[in-house]
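**Student:** Numbering (full-length UniProt numbering), first residue to last: 1 to 230. A virtual CB, placed ideally from N, CA and C, is assigned to each residue, including glycine. Only a predicted model underlies this, so the values are computations on that prediction, with no experimental measurement involved.
(1) Nearest-angstrom Cα distance between residue 93 and residue 40?
(2) Would you mind reading off the limits of the alpha helix (DSSP H) that contains residue 99?
(3) With distances taken between CB atoms, is the gap from residue 166 to residue 98 smaller than 8 Å?
(4) Tell me whether residue 21 sits in a helix, a strand or coil according to DSSP, three-state version.
(5) Using only CA atoms, which one of 117, 127, 172 lies nearest to residue 152?
(6) Which value, in whole angstroms, describes the spacing of the CA atoms of residue 171 and residue 140?
(7) The beta strand (DSSP E) with residue 76 in it runs from where to where?
(8) Take every Cβ of the stretch 189-199, pair it with every Cβ of the stretch 122-129, and state whether three or more of those distances are shorter than 8 Å.
(9) Flag this pair as yes or no: are the beta carbons of residue 91 and residue 83 separated by less than 8 Å?
(10) Using DSSP bridges, identify the partner residues of residue 83.
(11) What number of angstroms, rounded off, separates the C-alpha of residue 4 from the C-alpha of residue 80?
(12) Report the partner residues of residue 43 according to the DSSP bridge assignment.
(13) Could you tell me which of 129, 134, 156, 159 sits nearest to residue 146, measuring between CA atoms?
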């Protein structure tokens with residue numbers, strides 16, 4: 001019998017809120033990289049960053065290690081830390097991994113979903129639709145709760161942690177691009193299809209629905225990145 005591990009993703013919600021309020025050293029560096037204020041392949045010198053941000057070197061080193069773990073920074077012997085280009089390939093790579101992870105998590109959830117789970121998904125979906133993308137941060141938090149309900153009881157904590165990390169990265173990147181009306185409509189439709197498959201106890205249908213959801217979100221971010229360069 002599998003042990004159910006509940007993974008708390010509240011840290012991610014706090015990180016999103018901290019972004020709005022100025023954020024930590026990690027968040028400030030991450031946003032500098034995503035926004036292009038720090039250029040691709042630029043060397044990140046610990047002492048210079050600490051001086052600019054008014055902190056000691058230890059928080060900067062810790063932030064760089066976290067950014068390295070998330071793929072934003074590359075570290076090489078004798079060359080230190082450099083910025084990895086945040087481009088379409090970066091988003092594509094993350095989404096290709098998520099297309100493997102999220103269907104597996106969703107397929108498992110269908111096998112354990114209760115009537116109460118479905119009712120909660122429907123409640124969250126009603127809130128998402130009522131908000132109608134009027135507040136991007138609030139929408140993101142509701143969407144996080146929607147997917148967290150499906151994933152946070154999964155026994156494979158490493159897979160869930162990776163999903164949280166990737167979601168955080170994609171959310172940070174996508175903040176700079178408005179969600180198109182067509183993508184908004186697709187998101188709502190994909191959620192409804194997913195709920196219907198869960199209610200019907202159709203694990204393959206639910207897995208296929210979430211795969212299309214992930215692919216659509218990634219494609220939308222990449223399209224917006226492409227348009228911003230014109």
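**Tutor:** Well, looking at it:
(1) 17 Å
(2) 88-112
(3) yes
(4) Model confidence at residue 21 stands at a pLDDT of 36, short of 50, so the residue's coordinates are unreliable; what they give is reported in the following sentence. Under the three-state reduction of DSSP, residue 21 is assigned to helix.
(5) 117
(6) 8 Å
(7) 73-76
(8) yes
(9) Taking the C-beta atoms as reference points, residue 83 is found no nearer than 8 Å to residue 91.
(10) In DSSP, residue 83 forms a bridge with 73.
(11) The pLDDT assigned to residue 4 is 42, lower than 50, so where the model puts this residue is not dependable; a value taken from the coordinates is nonetheless given after this. Within the model, the alpha-carbon separation for residue 4 versus residue 80 is close to 40 Å.
(12) Bridge partners of residue 43: 82.
(13) 129
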